[in-house]
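This report refers to the structure that appears directly beneath it.
Residue numbers (the working numbering), protein chains in the order written: chain A, 1 to 217; chain B, 1 to 240.
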């Protein structure tokens with residue numbers, strides 16, 4: 001698997017996958033829908049799938065002395081690493097906003113969603129959706145990724161829209177907590193996001209291995 | 001020694017059927033797999049490489065079924081396609097550095113030897129190589145991990161006559177080293193130049209799988225070239 005990951009990172013990956021990780025810092029922007037940063041990170045990963053397809057990466061990988069399912073797992077591992085790096089930056093920004101900048105007027109007067117644990121949980125959720133809809137969809141054919149990506153975009157922006165709306169509903173203001181306010185609720189929502197990511201990604205990877213084994217290349 | 005066996009390979013598509021394809025390959029022999037475009041050559045090769053799932057049939061390398069020993073078989077086998085290039089904008093040195101990690105049997109010295117023999121500059125990218133050089137690059141990669149069988153899908157397609165001759169000479173060199181070379185082609189003169197065995201496929205069925213001399217004895221008319229023989233046979237099959 002280490003060799004496949006090396007291949008993913010050195011041959012298959014687009015440089016944009018690495019550069020777009022930096023969009024994780026958008027969690028620091030006030031007055032901006034912070035969850036869009038998740039979309040930009042996934043857009044970078046999409047670029048790798050695009051350049052890999054142009055370079056006949058899947059067929060090349062199948063020729064290597066590895067099991068077919070490991071080709072799929074290698075691709076997922078690469079995706080997880082990029083997502084993990086993006087999430088680390090986002091977590092760093094959330095910690096800053098919960099501690100050092102917890103009383104900052106720029107953030108307190110922000111009418112859009114606050115970058116808190118709930119937002120970070122939603123970032124996990126959207127990454128999970130990307131893995132389920134786009135990456136899983138890609139492995140149904142290994143060449144047709146337009147429909148899965150458009151489906152993912154629509155779903156992701158619906159989630160962002162709902163997330164940006166929720167805290168304006170009376171009784172749900174705790175979703176937009178600042179600092180360590182409503183820490184218990186925020187932690188539960190964060191954990192729910194992480195669990196959904198694990199479930200969606202695991203399901204997607206298992207299904208993709210199954211599909212890839214069956215398709216004729 | 002027989003090292004590859006294909007038995008009763010069958011694959012149905014809506015408009016085409018590969019039907020009961022059977023043949024074997026031996027070490028130290030060059031086998032030409034000839035047939036017109038769309039005869040089923042690539043489907044057969046893809047089935048051998050486990051890229052296409054046959055409806056029926058058995059494929060074994062070194063006495064082991066492909067489906068259960070894919071990794072081990074791939075380590076001992078080299079593949080190349082004449083028309084596809086991998087990672088066109090990556091440095092060849094980077095491709096080599098990646099590929100070698102997958103093979104315990106990789107030999108850097110052998111790799112350098114074939115790069116030098118074929119005139120491949122590893123500072124270039126595949127995009128900067130001619131079609132013939134791309135085939136040679138794939139061959140050099142396969143040979144650097146000491147592949148015992150080379151499976152080549154139309155390696156001479158798109159090559160000029162000089163490059164084709166050079167490549168066929170390379171096959172003869174590999175044969176002397178004991179490598180089994182299996183290459184598909186629709187250019188019959190390639191077979192005349194270097195093949196020991198001929199497998200002729202027409203409309204998804206194996207018409208003949210014989211040593212070249214026996215093929216000529218059985219099917220050629222007096223004074224007829226191998227190309228003329230196959231054209232005549234194909235004409236018959238086409239009008240049948």
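Ideal Cβ placement from N, Cα and C applies to all residues, glycine included. Values in this document were obtained by computation on a predicted structure and should not be read as measured data.
Between the C-alpha atoms of residue i and residue j, what's the straight-line distance to the nearest angstrom?
| i | j | result |
| --- | --- | --- |
| residue 67 of chain B | residue 63 of chain A | 14 Å |
| residue 130 of chain A | residue 23 of chain A | 16 Å |
| residue 163 of chain A | residue 99 of chain A | 23 Å |
| residue 199 of chain B | residue 166 of chain B | 22 Å |
| residue 96 of chain A | residue 129 of chain B | 51 Å |
| residue 203 of chain B | residue 39 of chain B | 5 Å |
| residue 50 of chain A | residue 110 of chain B | 34 Å |
| residue 29 of chain A | residue 190 of chain A | 20 Å |
| residue 170 of chain B | residue 155 of chain B | 12 Å |
| residue 177 of chain B | residue 146 of chain B | 10 Å |
| residue 7 of chain B | residue 65 of chain B | 11 Å |
| residue 116 of chain B | residue 139 of chain B | 13 Å |
| residue 39 of chain A | residue 75 of chain B | 40 Å |
| residue 37 of chain B | residue 184 of chain B | 11 Å |
| residue 198 of chain A | residue 113 of chain A | 24 Å |
| residue 70 of chain B | residue 175 of chain B | 24 Å |
| residue 179 of chain A | residue 6 of chain A | 40 Å |
| residue 111 of chain A | residue 31 of chain A | 7 Å |
| residue 63 of chain B | residue 1 of chain B | 11 Å |
| residue 9 of chain B | residue 52 of chain B | 11 Å |
| residue 165 of chain A | residue 215 of chain A | 42 Å |
| residue 161 of chain B | residue 230 of chain B | 20 Å |
Got a sec: is the Cβ-Cβ distance from residue i to anything in chain B below 8 Å?
| i | result |
| --- | --- |
| residue 139 of chain A | no |
| residue 19 of chain A | no |
| residue 65 of chain A | yes |
| residue 3 of chain A | yes |
| residue 216 of chain A | yes |
| residue 7 of chain A | yes |
| residue 77 of chain A | no |
| residue 62 of chain A | yes |
| residue 11 of chain A | yes |
Do we get a CB-CB distance below 8 Å when we pair residue i with the residues of chain A?
| i | result |
| --- | --- |
| residue 240 of chain B | Because the pLDDT at residue 240 of chain B is just 43, under 50, the model does not fix this residue reliably, and the value given afterwards should be weighed accordingly. It does not; no Cβ of chain A falls within 8 Å. |
| residue 106 of chain B | no |
| residue 56 of chain B | no |
| residue 146 of chain B | no |
| residue 10 of chain B | no |
| residue 90 of chain B | yes |
| residue 74 of chain B | yes |
| residue 103 of chain B | yes |
| residue 176 of chain B | no |
| residue 48 of chain B | no |
| residue 110 of chain B | no |
| residue 114 of chain B | no |
| residue 17 of chain B | no |
| residue 30 of chain B | no |
| residue 52 of chain B | yes |
Indicate whether residue i and residue j have their beta-carbon atoms separated by less than 8 Å.
| i | j | result |
| --- | --- | --- |
| residue 196 of chain B | residue 44 of chain B | no |
| residue 248 of chain B | residue 21 of chain B | Here chain B has residues from 1 to 240 only, and residue 248 of chain B is not among them. |
| residue 212 of chain A | residue 139 of chain A | yes |
| residue 61 of chain B | residue 206 of chain B | no |
| residue 126 of chain B | residue 136 of chain B | no |
| residue 27 of chain A | residue 115 of chain A | yes |
| residue 142 of chain B | residue 78 of chain B | yes |
| residue 207 of chain A | residue 128 of chain A | no |
| residue 142 of chain A | residue 217 of chain A | yes |
| residue 77 of chain A | residue 1 of chain A | yes |
| residue 36 of chain A | residue 160 of chain A | yes |
| residue 65 of chain A | residue 114 of chain B | no |
| residue 149 of chain B | residue 25 of chain B | yes |
| residue 171 of chain A | residue 121 of chain A | no |
| residue 163 of chain B | residue 119 of chain B | no |
| residue 8 of chain A | residue 84 of chain A | no |
| residue 79 of chain A | residue 126 of chain A | no |
| residue 218 of chain A | residue 12 of chain A | Residue coverage of chain A in this structure runs from 1 to 217, which leaves residue 218 of chain A outside it and unanswerable. |
Could you tell me whether any Cβ in chain E is nearer than 8 Å to the Cβ of residue i?
| i | result |
| --- | --- |
| residue 56 of chain A | Structure shown: chain E not included; protein chains present are A and B. |
Across which residues does DSSP place residue i in a beta bridge pair?
| i | result |
| --- | --- |
| residue 21 of chain B | B/9 |
| residue 202 of chain B | B/205 |
| residue 96 of chain A | Beta-bridge pairing links residue 96 of chain A to no other residue. |
| residue 30 of chain B | B/181 |
| residue 56 of chain B | B/10 |
| residue 4 of chain B | B/25 and B/61 |
| residue 210 of chain B | B/198 |
| residue 78 of chain B | B/150 |
| residue 16 of chain B | B/13 |
Below 7 Å, is the gap between the Cβ of residue i and the nearest heavy atom of the ligand ZN?
| i | result |
| --- | --- |
| residue 16 of chain A | Annotation note on the ligand ZN: not contained in the displayed structure, which lists no ligands. |
Segments of 3+ residues assigned as beta strand (DSSP E) that fall wholly inside the segment 108 to 189 of chain B: 149 to 153 and 180 to 185
Contained alpha helix (DSSP H) runs [length at least 4] in the segment 149 to 182 of chain A, N- to C-terminal order: Restricted to the segment 149 to 182 of chain A, not a single alpha helix (DSSP H) segment is unbroken, complete and at least 4 residues in length.
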